[in-house]
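One structure is given here, and the rest of the page talks about it.
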Amino acid sequence: MQNWYAQQCDGDWEHEWGVKIATLDNPGWTIEIDLKETDLEEREYTLQEVGRSAQDWVRTWTAERTFHAACGPGSLTEALALFRTWATTTAP
8 MQNWYAQQCD
18 GDWEHEWGVK
28 IATLDNPGWT
38 IEIDLKETDL
48 EEREYTLQEV
58 GRSAQDWVRT
68 WTAERTFHAA
78 CGPGSLTEAL
88 ALFRTWATTT
98 AP
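Residues 8 to 99 (this note's numbering) are what the sequence shown spells out, left to right.
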């Protein structure tokens, strides 16, 4: 994530777009990663859901040129890893 973010920072992108990580009240995390003006902005990521328990779950998808993730309180690393894998894998 850090490397991808740093690669996007070109003097302009970081002033308009970015990465947002916040907490959910159920509890958990939410992540929004702006894809506008990046190599990923046209790539799709179909909704994927993993539900292991009420506290251990991950949901990831793209919409409106944004990568979205929501996850349980202990799944933030997993959600970020899913983005990294998708972002660094060549599109078919």
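For glycine and all other residues, C-beta sits at the position ideal for the given N, C-alpha and C.
| request: Determine contact between the segment 66-86 and the segment 20-39, defined as no fewer than three beta-carbon pairs at a distance below 8 Å. | output: yes
| message | I need the DSSP call for L83, collapsed to helix, strand or coil. | response | Taking the first residue of the sequence shown as position 1, residue 83 is located at position 76. DSSP places L83 in helix when its eight states are reduced to three.
| message | Count Cβ pairs between the segment 79-87 and the segment 59-67 that sit closer than 8 Å; are there 3 or more? | response | yes
| field | Where the alpha helix (DSSP H) through A13 begins and ends | value | If you number the sequence shown from 1, residue 13 lands on position 6. Taken as a continuous stretch (DSSP letters only), the alpha helix (DSSP H) holding A13 covers Q9 to Q15.
| request: Please classify L54: does DSSP put it in a helix, a strand, or coil? | output: Locating residue 54 in the sequence shown gives position 47, where the first residue counts as 1. Here L54 sits in coil by DSSP.
| Beta-carbon proximity check, A143 vs W11, cutoff 7 Å | Limits of the chain in this structure are 8 at one end and 99 at the other, which puts residue 143 out of reach.
| For T45 versus Q15, is the C-beta spacing smaller than 7 Å? | Here the question's residue 45 lines up with position 38 in the sequence shown. Here the question's residue 15 lines up with position 8 in the sequence shown. Closer than 7 Å, so yes.
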